[in-house]
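*Asks:* Dropping the structure in here first, questions after.
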Ligand SMILES: *Cc1c(COP(=O)(O)O)cnc(C)c1O
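Residue numbers (the UniProt record's numbering): 1 to 471.
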């Protein structure tokens, strides 16, 4: 399988080449040349496989430059009941007739990002070891991504992590998840500023090509194709649990921010998984809901980006969205480049409402969307707890709210649970007047010793920290 760029760069690359890269050289995102097709016989063979075996089957369709035995071992090492809390890895819970929750958040940091990041850690260690190279990962986080990355990379050979976060702005639980790690290869940098300052610092360091090369700086952000393809697996696993027979159709509802999670659902559907509808749910930051309703994609400014009670969906633009638009436009790379480079660069928006392709987002690609607000979130958390005795987190509540609205009779709806309530305790208390349950292994983590360095929002100081801590 070879990979191409959504903006038409001519080089075709193999999986392990794009694994350690971010954007394509022309600023586009990598996608496979074609989506491997899964027929009824294959679905029948896959139904009943253990999660790590299913992961191997799906990944091996996209990865042909890692020997099969090695890839199989990497999947088996990643997706264990010990790491993910149950043998099913992503158990399905029935809420009521036709409505299910798929648990993606029982990994080490209690958010769905562990599903892909745990595999990424093992893939990075494997590939760097094979090349005899090392990598220094520099990232910015407002919570979930940073802790998932650190827990995936801790103790890995050849990898160091430098993770910036806005000083004093993450929840105490999120801070504890990151800062309590004592591994020598993990560096927490609390920046005196907001999340945008952290992102600007990462951008500035990455744009210094000499520094980037000399200190082997890499990233783990959500545009990485390996993260996306790892997420495809749980759409299949959810499908097999929600159905008894192959061919039955199922819909998925996905709490969305950067369009990474639901883009994996799009890939699964393109491969032939019988998905009826992909329901995209946003919070008050409704960039994507606006697009699917109107055909207009309008990037928000920092001032126009709301701080909400589902903070992992607080985005101003959706970094993975270009992948879907490329497919929507019949894989026209010149047009994709014109929209994402020229039009967005010039005016911060583009408009596909008059383009016949736009109607196909719903009809051919199965997308529907909706939006959920703080009041919806509180009502959904309360109602789900009181009536069904299930506690959901704020992001999952957004998905559930929109799913209920767009469900169709006779088609099972699977809502992806993207985090556990304990990560966002303040809003749970607001909704229910009680603390969320806390898995035993997280008792008292806020009181553990912390390893963190506070730095001003200053690129030079972050660079000199990196220089001083790179062997
Ligand atoms: C990252 C995240 C999301 C958004 O996922 P995208 O892939 O960015 O669309 C939703 N919920 C939680 C809890 C997250 O951590």
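For each residue, glycine too, the CB sits at the ideal point set by N, CA and C.
Check for me: the beta strand (DSSP E) holding residue 370 runs from which residue to which?
*Replies:* 367–371
*Asks:* Bridge partners for residue 23 per DSSP, in chain order?
*Replies:* DSSP output for residue 23 lists no bridge partner at all.
*Asks:* Quick one: measure Cβ to Cβ for residue 318 and residue 259, integer angstroms, because I've assumed they're closer than 8 Å.
*Replies:* 4 Å
*Asks:* Mind reading off the beta-carbon distance from residue 279 to residue 251? Whole number of angstroms is fine, and I expect it under 8 Å.
*Replies:* 6 Å
*Asks:* For the alpha helix (DSSP H) that residue 388 lies in, which residues bound it at each end?
*Replies:* 374–388
*Asks:* So is residue 11 buried or exposed if we call it buried at 16+ other beta carbons inside 10 Å?
*Replies:* exposed
*Asks:* Taking just the CA atoms, how far does residue 297 sit from residue 321?
*Replies:* 10 Å
*Asks:* In whole angstroms, what separates the C-alpha of residue 192 from that of residue 29?
*Replies:* Near 32 Å, if we compare the C-alpha coordinates of residue 29 and residue 192.
*Asks:* Spatial neighbours of residue 118 within its chain, please: C-beta separation below 7 Å, excluding the five flanking residues on both sides.
*Replies:* These residues qualify, in order along the chain: 78, 83, 107 and 152.
*Asks:* Excluding sequence positions up to five away, which residues of its chain have a Cβ less than 8 Å from the Cβ of residue 23?
*Replies:* 29 and 223
*Asks:* Nearest by alpha-carbon distance to residue 238: which of 103, 128 and 205 is it?
*Replies:* Put simply, of 103, 128 and 205 the residue whose alpha carbon is nearest the alpha carbon of residue 238 is 103.
*Asks:* Beta carbon of residue 262: closer than 7 Å to some heavy atom of ligand 1?
*Replies:* yes
*Asks:* Could you say which of 143, 164, 170 and 132 lies nearest to residue 158 if we only look at CA atoms?
*Replies:* 132
*Asks:* Looking only at its chain, what residues have a beta carbon closer than 8 Å to the beta carbon of residue 26, apart from the 5 residues adjacent to it on each side?
*Replies:* 5, 7, 8, 9 and 337
*Asks:* By how many angstroms is the C-alpha of residue 219 removed from the C-alpha of residue 35?
*Replies:* The straight-line gap from Cα to Cα measures roughly 26 Å.
*Asks:* For ligand 1, is there any heavy atom lying closer than 7 Å to the beta carbon of residue 93?
*Replies:* no
*Asks:* Any idea if residue 349 is buried or exposed, counting beta-carbon neighbours within 10 angstroms, 16 or more meaning buried?
*Replies:* exposed
*Asks:* Can you find a heavy atom of ligand 1 that lies under 7 Å from the Cβ of residue 313?
*Replies:* yes
*Asks:* Could you give the distance in angstroms between the alpha-carbon of residue 414 and the alpha-carbon of residue 100?
*Replies:* 5 Å
*Asks:* Take residue 202 as the anchor and find which of 139, 69 and 389 has the nearest alpha-carbon.
*Replies:* 139
*Asks:* Three-state secondary structure (DSSP) at residue 473?
*Replies:* An answer regarding residue 473 cannot be provided, because it is not within the stretch 1 to 471 covered by the chain.
*Asks:* Please report the residue range of the beta strand (DSSP E) in which residue 278 lies.
*Replies:* 275–282
*Asks:* Which parts of the stretch 154–183 are runs of the alpha helix (DSSP H), unbroken and 4 residues or longer, counting only runs that do not cross its ends?
*Replies:* 172–179
*Asks:* Quick one: does the C-beta of residue 171 sit closer than 7 Å to a heavy atom of ligand 1?
*Replies:* no
*Asks:* Are the stretch 387–403 and the stretch 62–81 touching, with three or more C-beta to C-beta distances below 8 Å?
*Replies:* no
*Asks:* Given the structure, does residue 439 come close to ligand 1, in the sense that its CB is under 7 Å from one of the ligand's heavy atoms?
*Replies:* no
*Asks:* Compute the Euclidean distance between the alpha carbons of residue 235 and residue 460, then round it to the nearest angstrom.
*Replies:* 43 Å
*Asks:* Measuring from the CB of residue 144, is there a heavy atom of ligand 1 at a distance below 7 Å?
*Replies:* yes
*Asks:* Taking just the CA atoms, how far does residue 331 sit from residue 147?
*Replies:* 35 Å
*Asks:* Using CA coordinates, which residue listed in 95, 111 and 156 is at the minimum distance from residue 123?
*Replies:* 156
*Asks:* Could you tell me if residue 325 is buried or exposed, where buried requires 16 or more neighbouring beta carbons within 10 angstroms of its beta carbon?
*Replies:* Classification for residue 325: buried.
*Asks:* Could you tell me which of 294, 97, 89 and 98 sits nearest to residue 105, measuring between CA atoms?
*Replies:* 89
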